[in-house]
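I have placed the structure first, in the form of structure tokens, so that the comments after it can refer back to it.
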Amino acid sequence: MVLRLAAFLVPHVSVSSQKRRGQNSSACSRRRVPISDGNHIWTLSVNEPQNRVGSRVPLVLLHGFGSGVGLWVKNLAALALGDRTVYALDLLGFGQSSRPTGGGHAQEEEERFVQSLEEWRMTVGAELMILLGHDLGGFVSMAYALKHPHRVKKLILVEPWGFSERPEGQELHCRIPLWVKVLGKAMNPFNPLSLLRLAGPLGPLLLQTLRSDFKQKYLDVFEDDTVPDYLYHLNAQTPSGEIAFKRMTVPYGWAQRPMLQRVQMLNPTIPISIICGSRSCIDGQSGHTLLELRPNLHTDVIVIGGAGHYVFADQSEDFNQVVLKICGDVNDEETGVKEDKE
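In this text, residue positions in the sequence shown follow the UniProt record's numbering: the first is 1, and each later residue adds one.
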């Protein structure tokens with residue numbers, strides 16, 4: 001089912017790209033990019049060059065928790081305008097990428113995400129990247145930039161997870177409803193999406209019932225249940241990335257190693273753009289805190305009206321235009337970057 005849905009996605013992106021660019025041939029491809037230990041990263045690419053000499057710095061899209069490359073279907077073709085290569089990856093342990101077992105504590109899991117992204121970059125041959133991460137993908141993008149700053153031309157953080165610290169005492173009591181506390185305590189021994197798998201054949205119906213909004217977000221692309229079915233089949237598999245995510249969290253979903261504690265360690269020359277939805281239920285203060293922590297260091301916060309947490313699907317045209325503007329301000333010269341300077 002996942003392969004069938006992914007196969008349907010590529011022609012749709014290619015047709016959209018042709019209409020926008022006036023091309024007669026497909027500009028979109030998909031493949032498994034090999035990394036270490038026999039693993040692979042499932043990758044969609046648009047406008048990938050045969051020879052990178054003189055090419056523009058590619059834009060790399062990293063999805064959020066429990067998601068996959070398919071949710072970028074309303075963005076890929078638009079973001080590839082102007083012959084910039086756009087990659088969309090399934091993070092290690094998610095989507096159609098490998099789902100390795102093992103792992104350990106929060107720092108080890110974070111480092112594994114970062115290492116898999118670096119191995120992917122080396123395999124595809126990108127010297128520099130513009131990293132755009134949504135939710136968990138935003139956390140991984142920042143972690144990668146901390147480890148490999150000379151490979152990151154710009155960070156675009158879309159509703160990023162894992163930046164704020166877990167509130168304590170009365171503040172936590174006020175912010176977390178009682179029913180969430182009860183449910184969270186009951187589900188704590190399990191992985192976050194265990195209920196979806198425990199539902200068995202009722203899993204797709206459960207997902208469609210609990211998250212009917214996903215179908216609505218993509219009605220202009222798919223009139224049927226393609227998107228909720230896609231998400232169900234992604235998350236009905238071995239919960240490798242899901243286990244890693246759980247090890248990186250503390251109760252109620254905060255990060256064990258919040259990024260706001262480390263953001264001042266980031267190379268000050270790397271610009272950061274934070275994109276938020278005006279209707280999002282996710283903590284929206286992280287972006288403004290980043291501004292305070294990086295005064296006069298090329299940091300900006302952009303709020304897209306009428307959008308929730310899935311900004312890129314809720315208001316896709318506005319989102320695409322914002323990202324194109326951000327990428328348009330990037331100096332595309334790949335000069336002097338041959339190896340990381342750790």
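Backbone N, C-alpha and C fix where the C-beta goes; we use that ideal spot for every residue, glycine too.
Coil, strand or helix - C281 by DSSP: coil
Same chain only: Cβ atoms within 8 angstroms of L146, ignoring 5 sequence neighbours per side: R262, M265, L266
A106, enclosing beta strand (DSSP E) - first and last residue: Looking at the DSSP string, A106 is not in any beta strand (DSSP E); the run it does join, the alpha helix (DSSP H), is 106–124.
Boundaries of the beta strand (DSSP E) in which S29 is found, first to last residue: 28–34
DSSP three-state assignment for T226, whether helix, strand or coil: helix
Rounded straight-line distance, which links the Cα of G306 to that of T269: 32 angstroms
Selected residue, minimal CA-CA separation from D332, among P34, A106, E242, R56: R56
Beta-carbon proximity list for S316, same chain, < 7 angstroms, skipping 5 on both sides: K74, N75
Beta-carbon proximity check, I130 vs L44, cutoff 8 angstroms: no
Supposed contact pair M142 and M259 - C-beta distance, whole angstroms, cut 8 angstroms: 5 angstroms
Residues bridged to K154 (per DSSP): I130
Which of helix, strand or coil DSSP assigns to W254: strand
Start-to-end residues for the alpha helix (DSSP H) that takes in S194: 194–198
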